[in-house]
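Structure record follows, encoded as structure tokens.
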Amino acid sequence: MEGPVPGAPTPPTDPRENTVNIVDWAISTMDALGPIGVFLLIFLENVFPPIPSEVILPLAGVASAGPSQSYWLMLLASIAGSVAGAWLLYGIGRLLGPERLRVIFIRLPLVHVEDYDKTVAFMDRHGYKAIFFGRFVPGIRSLISIPAGLYAMPLGKFTLLTALGSGIWNTIFMTIGYFMGSNWTVIEPYTDVFSNVVYVLIVLVAAWFGIRLLLRERKRRALGLPDPDADELAELEEEKAEGR
């Protein structure tokens, strides 16, 4: 039998293989560790968004229907994993902190201190809603924890909103797995469509904000107006010089 030709390109892999590998790994982890395995998998899903909770949670529901497992224990473990992962990302945001974030706004092109003040005001008014509803949006449900830490949202309220939002999301997908068993995969095409629509909307919103900032900067320069952050930048440079 002829072997592969040296130097020949490798045949393309089936993109479904990555999902299959995740499924096999998740199943073996939950079989070996039970609720602890669910906790670890959901924790990783929060910290590393490419691991899809839409796959892990139904599998946890399927596993919880087994004779040696408990649906409620698995569900609580999944919520605990969501909260623990959110805490880690929240902590990363807190390490950076509001003051450092403000300095970053001053130094970045196109954005100014007034933009920082507006984001602070937005978080004050809508941050709690963003944390809760963000748990239902693929990709965002993990990353939303970072700005919560950046803007120093109280940890107690952050934890409560995260637990409530994650509890609803986890319950939906675990219950699907529990009652549908191995047939839960019929929902995969719909979750993929939902995820893709969300990602497109995020890109469009980001592009819209980027265009607005470019047009604003172009207008400022055309009118010959000074940089709004000129005084702030001068103070930063003075502090830097004094610190030498």
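The numbering used here puts the sequence shown at residues 12 to 255. By construction, the Cβ of each residue, glycine as well, lies at the ideal position given by its N, Cα and C atoms. Please read all numbers here as calculations on a predicted model, not as lab measurements.
Where residue i falls, given that 16 or more other Cβ within 10 Å makes a residue buried
i      : result
Phe54  : buried
Arg118 : exposed
Arg136 : exposed
Arg27  : Caution applies to Arg27, whose pLDDT of 43 falls short of 50 and renders its modelled position unreliable; the value that the coordinates give is listed next. With fewer than 16 Cβ atoms within 10 Å of its Cβ, Arg27 is classed as exposed.
Gly235 : exposed
Gly102 : exposed
Phe169 : buried
Gly145 : buried
Ala241 : exposed
Val208 : exposed
Gly167 : exposed
Gly221 : exposed
Val73  : buried
Three-way DSSP call (helix, strand, coil) for residue i in this model
i      : result
Pro17  : Annotation note: pLDDT 45 at Pro17 (below 50); position unreliable, coordinate value reported separately. Three-state DSSP puts Pro17 in coil, outside helix and strand.
Leu172 : helix
Phe59  : coil
Glu249 : helix
Tyr189 : helix
Ala97  : helix
Ala163 : coil
Thr24  : Low local confidence applies: a pLDDT of 43 at Thr24 is under 50, so the model's placement there is unreliable, and no value is given.
Gly221 : helix
Leu86  : helix
Phe147 : coil
Gly178 : helix
Pro120 : coil
Ser79  : coil
Leu234 : coil
Ile157 : helix
Gly45  : coil
Leu215 : helix
Pro109 : helix
Pro69  : helix
Rounded C-alpha distance that separates residue i from residue j
i      : j      : result
Ser81  : Ile179 : 18 Å
Ile155 : Glu243 : 28 Å
Gly192 : Pro78  : 14 Å
Ala37  : Leu68  : 10 Å
Met41  : Pro239 : 55 Å
Arg113 : Leu87  : 38 Å
Ile157 : Ala43  : 32 Å
Gly45  : Thr182 : 17 Å
Leu52  : Phe59  : 10 Å
Arg223 : Pro109 : 24 Å
Asn29  : Val211 : Only weak support is given to the placement of Asn29: the predicted model assigns it a pLDDT of 46, under 50, and the value that follows is read from those uncertain coordinates. If you take the alpha carbons of Asn29 and Val211, they lie about 22 Å apart.
Asp35  : Ser75  : 16 Å
Gly188 : Phe116 : 45 Å
Trp219 : Lys140 : 22 Å
Leu121 : Ile47  : 46 Å
Glu125 : Val131 : 10 Å
Glu65  : Tyr162 : 29 Å
Asp128 : Ala91  : 34 Å
Val148 : Glu249 : 43 Å
For residue j and residue i, believed in contact at Cβ under 8 Å, the rounded distance
i      : j      : result
Ser177 : Leu100 : Actually they do not touch by this definition, with Cβ atoms about 13 Å apart.
Val94  : Ala71  : So it is not a contact: roughly 16 Å between Cβ atoms.
Asn57  : Gly96  : 3 Å
Met185 : Met85  : 7 Å
Leu172 : Ile142 : 4 Å
is_contact[residue i, chain C] using C-beta, thresh 8 Å
i     : result
Ser64 : No chain C is part of this structure, which consists of one protein chain only.
beta-carbon residue i near the ligand NAP non-hydrogen atom, thresh 7 Å
i      : result
Pro120 : Ligands in the displayed structure: none, and consequently the ligand NAP is not present.
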